[in-house]
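J.:
Numbering (our numbering), first residue to last: 4 to 168.
1) Do the CB positions of residue 78 and residue 144 come within less than 7 Å of each other?
2) Along the beta strand (DSSP E) that carries residue 13, what are the first and last residues, could you check?
3) Would DSSP call residue 77 helix, strand or coil?
4) Grouping DSSP H, G and I as helix and E and B as strand, with all else coil, what is residue 84?
5) Can you check whether the CB of residue 54 is closer than 7 Å to the CB of residue 21?
6) Over the uninterrupted beta strand (DSSP E) stretch that includes residue 58, give me the two end residues.
7) So what's residue 26 in DSSP terms, helix, strand or just coil?
8) Assign residue 52 to buried or exposed, taking buried as 16 or more other Cβ atoms, counted over all protein chains shown, within 10 Å of its Cβ.
9) What does the Cβ neighbour count give for residue 73, buried or exposed, with the cut at 16 atoms within 10 Å?
10) Output needed for residue 107: all residues of its chain with C-beta closer than 7 Å, excluding positions within five of it in sequence on either side, in chain order.
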């Protein structure tokens, strides 16, 4: 299992398996043109990453400076799919985890070779493939709030909210 790391500090499984939710941080406004047609205006594109867990121990992240930016190595993958073999990843891949790829051939996913440099990923074409997908574990530079922690029944519940910088 890929481990959650925030600010260089790993959060071990004793703190519980992290549940990661990626959501949009806003930055988009829908406007209506004079003819009544709506269009989307995007000012920025960033993520909010919410991580929760329940385990036997707290996260151990109390030493972090919560006013500083930190690197978050996420344990939850992102995925892109398309008919072509060239993809631009929407977040930087973790340096300790490989980008992977699959090809849909005859209704079944088969592993495919992929090369990745930065955010550019290219899948080696597979004969008969109708769709390709790449998956990667992302890393983000984030600002975080200190974890909310609750103690009950011998377990520690915690939640960390991170905003992509």
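Idealized CB from N, CA, C, for every residue including glycine.
T.: Once the coordinates are examined:
1) no
2) 12-14
3) coil
4) strand
5) yes
6) 50-58
7) strand
8) buried
9) buried
10) 132, 133, 134
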